[in-house]
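Step one of this worksheet: look at the structure below.
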Amino acid sequence: MAKKIYERPIIRPLNTGMMNKFGTRTEYLPVTHIDGVSVKSLIKQYGSPLFVFSERQMRENIRFAKRTFETRYPKVQFAWSYKTNYLNAICNVYHQEGSWAEVVSRFEYDKAINNGVPGDKIIFNGPDKTDEDLRVAIKNNSPIHIDHLDELYRLTDIATEMKVKPRVAIRVNMDTGIYPMWDRFGFNYETGQAWDAINKILASGKLDLVGLHTHIGTYMLTPSAYGVAAAKMADLALGIKNKYDTVIQYIDMGGGFASQNTLKGSFLKGSDIVPPISEYAEVICTALLNAGFKNTELPTLYLETGRALIDNAGFLLGSVIANKRLSDGRKATILDFGVNILFTSFWYDHKISPAQEFGMHTEDTVLYGPLCMNIDVIRENISLPPLNAGDQVVVHHTGAYTVTQSMQFIALRPAVVMIDLMGKPHVIKKKESLKDLEKNEEMPEFLKQFKLV
Amino acid sequence: MRIKKNIAVSDTGFLFNPSTGDSYSVNPIGMDIVQLMKLNKENDEIKKAIMNDYFCDDATFEKDFYDFTMVLRNYKLLDDE
Amino acid sequence: MSKPKYTIAVTGLNAIDSPGPGLAIIRGLRDAKSFDVRIIGLSYEALEPGIYLHEYVDKTYQIPFPTAGQEVLFERLTYINEQENIDFLYPNFDAELYNFIKLQKQLENVLNIKMVLPTLDQFEERHKINLYEYGLKHGIDVPKAQPVYNTFEIPAIANQYGYPVVVKGKFYDAKVAYNMEQASQHFNKISAQWGLPILIQAFVRGSEVNVCGIGDGNGNLLGAVPMRKLYITDKGKAWAGITLDNEKLLEITKNMVESTKWKGPFEMEFVKTVEEDYYLLEINPRFPAWCYLTVGAGQNQMEVLVNLAMGKKVKPFTEYKIGTMFIRYSNDLIVDINEFEKISTVGEL
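Chains as they are written, first to last, in our numbering: chain A, 1335 to 1787; chain B, 412 to 492; chain C, 13 to 361.
Listed below in structure tokens is the structure:
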């Protein structure tokens, strides 16, 4: 008789009120390939852990989003949100698809310039822009989104000194019925701050007010809030036209569309409750079209969608280091990636699949990262087949904010690979090395030597 | 190390402890091990029998077997020697 | 003409102290005059009594919890349908309805399983948090209420309504507060369990009356039976109840169904004040556990719902027997451990 495939022996109590296992198999169906490339071969070639991006999925996402908005509104412009993922190769996929750049710091701004994005197609957002940053942006004719009055005054002074009229927008925050309200960015609509800023800009005549910008929150599950926001933005734009005879050229609705990740504490799965992009498009476009703009004065709709365009195109591959039994009897599995490179596991219950075949029995397990830190927990509780040391796992929906928020703490950061449309992997960022890390360190002469006895 | 005498295991992997009323679900290899324990086999014999039936190396099985018996003890399914 | 035989799947087999409506629905279906049934139970836990009541349930399958997601649920239902060829499905838990509503088209088109459910908009619109606006929109009195995210928002609202106020959780739980201190205590306790926001609702004094009925989705009320609970358990569930002669309540129900174009079964909970005004407290988008009373009173609403889905001509009920009572009883079933083993390990019984 042929020998059977080995699986760790497991026993679990049949408790009532616990998740039954019937039909839940798809939850941990093995994922052995990504875009046709085997997980094992990827890890063998590029090491573990490893970030993998699917070019196909990214292009599908942005094309679908563009089509969804463009079939509902005549003038739409997407701008890639650099902070979501600013690996140059990733940015260029979106630039090739026609997206501009949306940046929130000087270093992101320079990245966009180096990637070849023309200055007038880089939207400069964020509360932190130095005088020098503003000068560069003015020179490049980039739209500057003003966040606070201090910036407004500084920008007016610089414009006077440079004898140019920079293109600006103001960021507006507002009550859209959503909690918490993001009132820390920009000027408030309800209290009249926004009008105050608009009056100052148009009265001074030193700045060219071309747009209005809002960003109502993040991971927004309620599309209707965007309808409220779009209506208020349109109301401002029409008010400006009435009072100053100035036509607002664009309304920037920011980002915040949810991806399919499951937020911690959510009863239902993220993929089941996240509204399709068409629902956001419908309310935003309807609000703008019904606002009462003249046909010739319809503002262009800018969108800075990040998360929803990339989250499902990113995967994190990793390996099992060891299994443990905790003192209370729970099973624990230690993986070779932790919160250092999967920062998002602080607020998501990431979906994690084994990368090899298993039987139908599962165990409730805690997933730990490799750090010597108690907070290094990837999942507090997940039902997985019995994984052995050396087995691989695939973490899904890790395209947004993981690479940009990953930290070099205790371990070096992994390589990032993009699988192209033909199924060929390309390294888009090499694995970090000790040399990379120490490149900027300096050793004072008197510390160069020591002797241990 | 012996499994309690009155423990019953069915071929569907249902394990019942009649003295406490608790029931458990066991995977096939776990069932094989429990059956062997019920036959009062020594650890070495259990290991030999399992290694004969499954593709597995010594160290892996030893580690997993130790863990499995720890869980059995934790669930009070063993006669404490 | 011979009667058709339908295979009908039913959830909510937890006929326990705080019962689900599954067994009441099954009894109604077994009493149906226009068709015969084979009943397939769908259970979440191995101890749901319906699994073991073989004179009511022909076969039971375990299904994955709502948290496992729609994809997994659909896959399991596909498997069950391959064995049983299900004609109609009755989801009965509030927590599972969202997934079933989302899957409705797919179940009908791919598996040919029919359901009669409210639309997603109808389901979302009647949530507790939105109920006050819902009432305004559809011309139903609802106690004034406002969501709050922080205890310091409470005094302004409470002073406007006057104490006592009802402090309510987003999904479950409601407590009466007679002063600010109690209100913030309740706020903290309920928000810790059910999250934010918390609803502060004006307290309306009176007695509770409920209506069990069906809307056809075109604004027609196909049946409605008003009931008053005669005795309530410590969990707030009906122990006994009686059908009422209440034209005003039926009128309100009829208007509600007409205005909302409600589709599917519902239970509406009202408070009746001494002035005989009715305030809507809640709409449950499914049959209540006491729905067998409608059969007892002459309206087999469960049967009607199936016929509606099957495209049969359905005549709205206009009458019911007033003064019909129900008294709930519990019963200890004797079960062989082999049955428990089977449902626990194989997931079918």
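For each residue, glycine too, the CB sits at the ideal point set by N, CA and C.
| query | result |
| --- | --- |
| Distance between beta carbons of Ile1585/A and Leu1546/A, contact taken as under 8 Å | 5 Å |
| Ordered list of alpha helix (DSSP H) runs contained in the stretch 179-260 of chain C, each at least 4 residues | 192-206 |
| For Ala1723/A and Ile1618/A, the rounded distance between their alpha carbons | 50 Å |
| Close beta carbons around Phe1387/A, own chain, < 6 Å, minus the five adjacent residues each side | Ala1647, Gly1648 and Met1752 |
| Start and end residues, alpha helix (DSSP H) containing Leu1546/A | Taken as a continuous stretch (DSSP letters only), Leu1546/A belongs to no alpha helix (DSSP H), being part of the beta strand (DSSP E) at Asp1542 to Thr1548. |
| Reference Phe1627/A; option with closest CA among Gly1573/A, Leu1486/A, Ala1592/A and Phe1398/A | Gly1573/A |
| Distance, Asp228/C Cα to Ala214/C Cα | 32 Å |
| Short CB-CB distance (under 8 Å) between Val420/B and chain A | no |
| 8 Å Cβ cutoff, Thr72/C in contact with chain B | no |
| Within-8 Å CB hit, Gly497/B to chain A | Here chain B has residues from 412 to 492 only, and residue 497/B is not among them. |
| Backbone secondary structure at Gln1379/A - three-state DSSP | helix |
| The stretch 231-249 of chain C contacting the stretch 200-208 of chain C, beta-carbon criterion three pairs below 8 Å | no |
| Asp490/B versus Ile418/B - alpha carbon distance | 11 Å |
| In chain order, each alpha helix (DSSP H) run of at least 4 residues that lies wholly inside the stretch 1483-1561 of chain A | 1483-1496 and 1527-1538 |
| Cβ distance (whole Å) where Thr1525/A is taken to contact Ala1563/A below 8 Å | Actually they are not in contact, since the Cβ atoms of Thr1525/A and Ala1563/A sit about 16 Å apart, beyond 8 Å. |
| Strand pairing of Ser436/B, partner residues [DSSP] | Arg1346/A and Phe425/B |
| Environment of Met1756/A [buried if 16+ CB atoms lie within 10 Å] | exposed |
| Val84/C in three-state terms, based on DSSP | helix |
| C-alpha distance - Leu293/C paired with Glu263/C, whole-angstrom precision | 17 Å |
| Beta carbon proximity, Asp1462/A to chain C, threshold 8 Å | no |
| Contacts of Ser1605/A in chain C (Cβ-Cβ under 9 Å) | Gly81, Gln82 and Glu83 |
| Continuous alpha helix (DSSP H) assignments of at least 4 residues falling wholly in the stretch 72-156 of chain C | 82-96, 106-123, 132-137 and 143-150 |
| Touching by the beta-carbon criterion (3+ pairs, under 8 Å), the stretch 64-71 of chain C and the stretch 47-55 of chain C | yes |
| Contact with chain C by Tyr1513/A, beta-carbon distance below 8 Å | yes |
| Under the three-state DSSP convention, the category Val1581/A falls into | coil |
| Helix, strand or coil at Val1750/A [DSSP, three-state] | strand |
| Local conformation of Arg340/C per DSSP, three classes | coil |
| Segments of 4+ residues assigned as alpha helix (DSSP H) that fall wholly inside the stretch 294-357 of chain C | 304-308, 313-321 and 349-357 |
| Chain C contact residues for Phe427/B, given Cβ-Cβ distances below 8 Å | Ile349 and Glu353 |
| Listed by chain order, chain C residues near Leu1602/A by CB distance under 8 Å | Pro78, Thr79, Gly81, Tyr110 and Asn111 |
| Where Ser356/C meets chain A, residues with beta-carbon distance less than 7 Å | Leu1348 |
| Ile158/C, DSSP secondary structure in three states | The sequence shown places Gln at residue 158/C, not Ile. Strand at Gln158/C. |
| In DSSP terms, what Gly1652/A is bridged to | Val1727/A |
| Helix, strand or coil at Glu1436/A [DSSP, three-state] | strand |
| Chain-order list of residues whose beta-carbon lies under 6 Å from that of Leu101/C (same chain, five-residue window excluded) | Ala21, Ile125 and Met127 |
| 8 Å Cβ cutoff, Thr423/B in contact with chain C | yes |
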